[in-house]
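Peer 1: Positions 87 to 565 (the numbering used here) are the ones given, in order, by the sequence shown. My structure is below; once you've seen it, I'll send some questions.
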Amino acid sequence: MIEKRQFYINGEWVDPKEGRDHHVINPTTEEPCAVISLGSQADADAAVAAAKSAFPGWMATPVEDRLNLIRKLADIYKARSEEMAQAISMEMGAPIDLARSAQWGAGYGHIKNFLKAAEGFEFVRPLGDHAPNDRIIHEAVGVCALITPWNWPMNQITLKVIAAAVAGCTMVLKPSEESPLDALLFAEMMDEAGFPKGVFNLVNGDGAGVGSQLSGHPDVDMVSFTGSTRAGIAISKNAADTLKRVHLELGGKGANIIFDDADDKAVKRGVLHMMNNTGQSCNAPSRMLVQKSVYDKAVETATEVANSVKVGPANEEGRHIGPVVNEAQWNKIQGLIQQGIDEGARLVAGGTGRPENFNKGFYVRPTVFADVTNDMTIAREEIFGPVLSIIPFETEEEALKIANDTVYGLTNYVQTQDGTRANRVAKQLRSGMVEMNGNPRGAGAPFGGMKQSGNGREGGVWGIEDFLEVKAVSGWDAA
Numbered sequence: 087m088i089e090k091r092q093f094y095i096n097g098e099w100v101d102p103k104e105g106r107d108h109h110v111i112n113p114t115t116e117e118p119c120a121v122i123s124l125g126s127q128a129d130a131d132a133a134v135a136a137a138k139s140a141f142p143g144w145m146a147t148p149v150e151d152r153l154n155l156i157r158k159l160a161d162i163y164k165a166r167s168e169e170m171a172q173a174i175s176m177e178m179g180a181p182i183d184l185a186r187s188a189q190w191g192a193g194y195g196h197i198k199n200f201l202k203a204a205e206g207f208e209f210v211r212p213l214g215d216h217a218p219n220d221r222i223i224h225e226a227v228g229v230c231a232l233i234t235p236w237n238w239p240m241n242q243i244t245l246k247v248i249a250a251a252v253a254g255c256t257m258v259l260k261p262s263e264e265s266p267l268d269a270l271l272f273a274e275m276m277d278e279a280g281f282p283k284g285v286f287n288l289v290n291g292d293g294a295g296v297g298s299q300l301s302g303h304p305d306v307d308m309v310s311f312t313g314s315t316r317a318g319i320a321i322s323k324n325a326a327d328t329l330k331r332v333h334l335e336l337g338g339k340g341a342n343i344i345f346d347d348a349d350d351k352a353v354k355r356g357v358l359h360m361m362n363n364t365g366q367s368c369n370a371p372s373r374m375l376v377q378k379s380v381y382d383k384a385v386e387t388a389t390e391v392a393n394s395v396k397v398g399p400a401n402e403e404g405r406h407i408g409p410v411v412n413e414a415q416w417n418k419i420q421g422l423i424q425q426g427i428d429e430g431a432r433l434v435a436g437g438t439g440r441p442e443n444f445n446k447g448f449y450v451r452p453t454v455f456a457d458v459t460n461d462m463t464i465a466r467e468e469i470f471g472p473v474l475s476i477i478p479f480e481t482e483e484e485a486l487k488i489a490n491d492t493v494y495g496l497t498n499y500v501q502t503q504d505g506t507r508a509n510r511v512a513k514q515l516r517s518g519m520v521e522m523n524g525n526p527r528g529a530g531a532p533f534g535g536m537k538q539s540g541n542g543r544e545g546g547v548w549g550i551e552d553f554l555e556v557k558a559v560s561g562w563d564a565a
């Protein structure tokens, strides 16, 4: 069993002051694969103190010097890609091929994209020709608490750490206790790259412990959190007393609107997107809205595609989905599948229980419900598993009403070959992102949502700006 009981604070690996052991469970085997320590208030205080002490010097470090360290980190991250993929696959159940490509690759892509965005970023810029001696200065927020989830760990860690580093912030990272091994490996890489002491710190812990201690800490200037809406609300309340900035990237219940003129692969594409990462993505297209004239065919296709999705161990190569992250998540998904059945949705693929030939591991059957109405629990709640709900609609207006009738607003999807309609619908969908006809967002596009899907944006220029304060200066000496 792997033992990772130390934290990374002020440029050193240190023993926790009052840590308690936590076993990391391999969801493929249901057996412990590692033991870590969960930190205490004293550990959180030590990490924040290190970040606070390092902040003035790091903020004053020339931007190009900061970027050179990030470039070195990118090379190290690439060289150690297999270690990272193996860690992610073991701790949270991503199939190893997915861990090598999308899971590891998301982190590498964000590092490179932030470098590109930073190269043209003006930290000091003129207000305008009308005020030649006014300058707008973009200045680091300060000490940042970065709290990240287990489902796309390197995606979220790099979105926060690299943006904060570019901006000149110092930070304390608290990764999910469900998937801490990748974060500890990343800390090794930050150390190897040579970031100054105290710029990056890592303390393991759970949300109720270190998470709460960081979000309420008087010396933390900003919290950047990715996770559930429930936890985001708790963090916002805890942070309110110190009036710190809070960035939230929360849940989603994306609508995938399939009009009657959608391309032939739209339904298949939507089902496979839903099943990717075993449905454990906040931007998953979990509600498939289908125009009635093509509804029956879409249900038939979705059923066939879901039944063709293979399930297998995370450590085996090949195209399949792995287990969900833990027993609690498995039980939640099973309960929601049963609730869908009880509330009258038509089960056309999958269902409760493990897939055939699996008696161990947190595996979920790829599941599709048809004839869902938007008031059903499975259409309202974020399931976070490989469960798709298909909802019929007649008109564009009805599709928009259904799509927007949710507390969430992260990502919606549109499938139509009518470009005018696609643009019109995209403008009316209340979400931070809209993807149309299978076209992914471009490199450096902002990621984030509206309503109970959170606030702020991650990635590219917008991600850097989230870690910056804006200072207006008049009387600037332009000589």
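Backbone N, C-alpha and C define an ideal beta-carbon position, used for all residues, glycine too.
Considering Phe-272, what are the terminal residues of the alpha helix (DSSP H) in which it resides?
Peer 2: Looking at the DSSP string, the run of the alpha helix (DSSP H) that includes Phe-272 is 267-279.
Peer 1: Hey, which unbroken runs of the beta strand (DSSP E) at 3 residues or more fall wholly within the region 108-146?
Peer 2: Entirely contained in the region 108-146, the beta strand (DSSP E) runs reaching 3 residues are, in chain order, 117-124.
Peer 1: To the nearest angstrom, report how far apart Ile-477 and Ser-123 are at their CA atoms.
Peer 2: One C-alpha to the other measures close to 45 Å.
Peer 1: Once the 5 residues before and after Gly-439 are set aside, which same chain residues still bring their CB inside 8 Å of it?
Peer 2: Once the five neighbours on either side are set aside, the close Cβ partners of Gly-439 are Gln-420 and Arg-451.
Peer 1: Between Ala-173 and Leu-267, which are expected to be in contact by the criterion C-beta below 8 Å, what is the C-beta distance as a whole number of angstroms?
Peer 2: Between Leu-267 and Ala-173 the Cβ distance is about 4 Å, and since that is below 8 Å, they are a contact.
Peer 1: Can you pull the DSSP bridge partners for Asn-219?
Peer 2: BP columns for Asn-219 are empty, so no partner.
Peer 1: Can you tell me the Cα-Cα spacing of Val-391 and Leu-358, whole angstroms?
Peer 2: The alpha-carbon atoms of Val-391 and Leu-358 are separated by roughly 8 Å.
Peer 1: Arg-143: which of Gly-97, Leu-213 and Thr-256 sits nearest, CA to CA?
Peer 2: Note that residue 143 is Gly in the sequence shown here, rather than Arg. Out of Gly-97, Leu-213 and Thr-256, Thr-256 has the C-alpha closest to the C-alpha of Gly-143.
Peer 1: Report, in whole angstroms, the separation of the C-beta atoms of Gln-503 and Asp-349, which I expect to be a contact under 8 Å.
Peer 2: Indeed they touch by this definition, with Cβ atoms about 6 Å apart.
Peer 1: How big is the Cα-Cα spacing for Gly-549 and Glu-89?
Peer 2: About 34 Å.
Peer 1: In the DSSP assignment, find the beta strand (DSSP E) that holds Asn-287 and state where it starts and stops.
Peer 2: Taken as a continuous stretch (DSSP letters only), the beta strand (DSSP E) holding Asn-287 covers 286-288.
Peer 1: Spell out the partners DSSP gives Cys-230 in its beta bridges.
Peer 2: Met-257 and Met-308.
Peer 1: With a Cβ-Cβ cutoff of 8 Å, do Met-522 and Leu-496 count as a contact?
Peer 2: No, the Cβ-Cβ distance between Met-522 and Leu-496 is not below 8 Å.
Peer 1: Tell me Gln-425's beta-bridge partners as DSSP assigns them.
Peer 2: DSSP, once it has assigned bridges, lists no residue as partnering Gln-425.
Peer 1: Do you know how far the Cα of Ala-384 is from the Cα of Ala-135?
Peer 2: Each residue's Cα considered, the two are about 56 Å apart.
Peer 1: Does DSSP put Arg-510 in a helix, a strand or coil?
Peer 2: Note: Arg-510 maps to helix in three-state DSSP.
Peer 1: Could you tell me the boundaries of the beta strand (DSSP E) in which Gly-214 lies?
Peer 2: Note, Gly-214: beta strand (DSSP E), 210-214.
Peer 1: Look at Lys-246 and Gly-97 and say whether their C-beta atoms are less than 8 Å apart.
Peer 2: No, they are not a contact pair.
Peer 1: Starting from the Cα of Gln-92, find the closest Cα among Val-559, Gly-291 and Val-306 and give me that residue.
Peer 2: Of Val-559, Gly-291 and Val-306, the residue nearest in Cα terms is Gly-291.
Peer 1: Give the C-beta separation of Gly-193 and Asn-241 to the nearest angstrom, bearing in mind that I take them to be a contact with Cβ-Cβ under 8 Å.
Peer 2: Right, their Cβ atoms sit about 6 Å apart.
Peer 1: Since I believe Val-332 is in contact with Ser-566 (beta carbons under 8 Å), could you give me their beta-carbon distance rounded to a whole number of angstroms?
Peer 2: Residue 566 lies beyond the range of the chain shown here (87 to 565); nothing can be said about it.
Peer 1: State the CB to CB distance for the pair Val-454 and Thr-387, rounded to an integer number of angstroms; the pair is presumed to be in contact (CB under 8 Å).
Peer 2: About 10 Å separates the two Cβ atoms, so there is no contact after all.
Peer 1: In chain order, what residues of the same chain lie with their CB nearer than 6 Å to the CB of Asn-237, ignoring the 5 residues before and after it?
Peer 2: Excluding residues within five positions, the ones whose Cβ falls inside 6 Å are Gln-366.
Peer 1: Can you say whether Val-210 is buried or exposed, counting buried as having 16 or more other CB atoms within 10 angstroms of its CB?
Peer 2: That one is exposed.
Peer 1: Reducing DSSP to helix, strand and coil, say where Asn-498 ends up.
Peer 2: In this structure, Asn-498 counts as strand in the three-state DSSP scheme.
Peer 1: How many whole angstroms separate the CB atoms of Asn-490 and Phe-448, which I take to be in contact at a CB cut-off of 8 Å?
Peer 2: Their Cβ separation, rounded to whole angstroms, is 33 Å, which puts Asn-490 and Phe-448 out of contact at 8 Å.
Peer 1: Output the distance between the C-alpha atoms of Gly-356 and Leu-336, rounded to the nearest integer angstrom.
Peer 2: Roughly 21 Å separates the two Cα atoms.
Peer 1: Could I get the ranges of all uninterrupted beta strand (DSSP E) runs contained in the region 347-406, with 3 residues as the minimum, in chain order?
Peer 2: For the region 347-406, whole beta strand (DSSP E) runs of length 3 or above, ordered along the chain, are 373-377.
Peer 1: Given a threshold of 16 other Cβ atoms within 10 Å of its Cβ, counted over all protein chains shown, does Ser-298 qualify as buried or as exposed?
Peer 2: Ser-298 comes out buried.
Peer 1: Please work out which residues of its chain come closer than 6 Å, Cβ to Cβ, to Glu-104, disregarding the five sequence neighbours upstream and downstream, and give them in chain order.
Peer 2: Once the five neighbours on either side are set aside, the close Cβ partners of Glu-104 are Ser-126 and Ala-128.
Peer 1: Going by DSSP in three states, Arg-166 sits in which element: helix, strand or coil?
Peer 2: Correct three-state label for Arg-166: coil.
Peer 1: Within the continuous alpha helix (DSSP H) that includes Trp-99, where are the two ends?
Peer 2: That residue, Trp-99, is in no alpha helix (DSSP H); its beta strand (DSSP E) goes 98-100.
Peer 1: Taking Glu-468 as the reference, give the member of Arg-510, Asp-183 and Arg-316 with the closest Cα.
Peer 2: If we check each option's Cα against that of Glu-468, Arg-316 comes out closest.
Peer 1: As a quick exercise: from Asn-154, Glu-263, Pro-118 and Val-227, pick the residue whose alpha carbon is nearest that of Leu-204.
Peer 2: The sequence as given places Ala at residue 204; Leu does not occur at that position. Here the closest residue by C-alpha is Asn-154.
Peer 1: By how many angstroms is the C-alpha of Asn-509 removed from the C-alpha of Asn-199?
Peer 2: Straight-line Cα distance between these residues: approximately 27 Å.
Peer 1: Does the region 222-230 come within contact of the region 174-188, defined as at least 3 CB pairs closer than 8 Å?
Peer 2: Contact fails: fewer than three Cβ-Cβ distances are below 8 Å.
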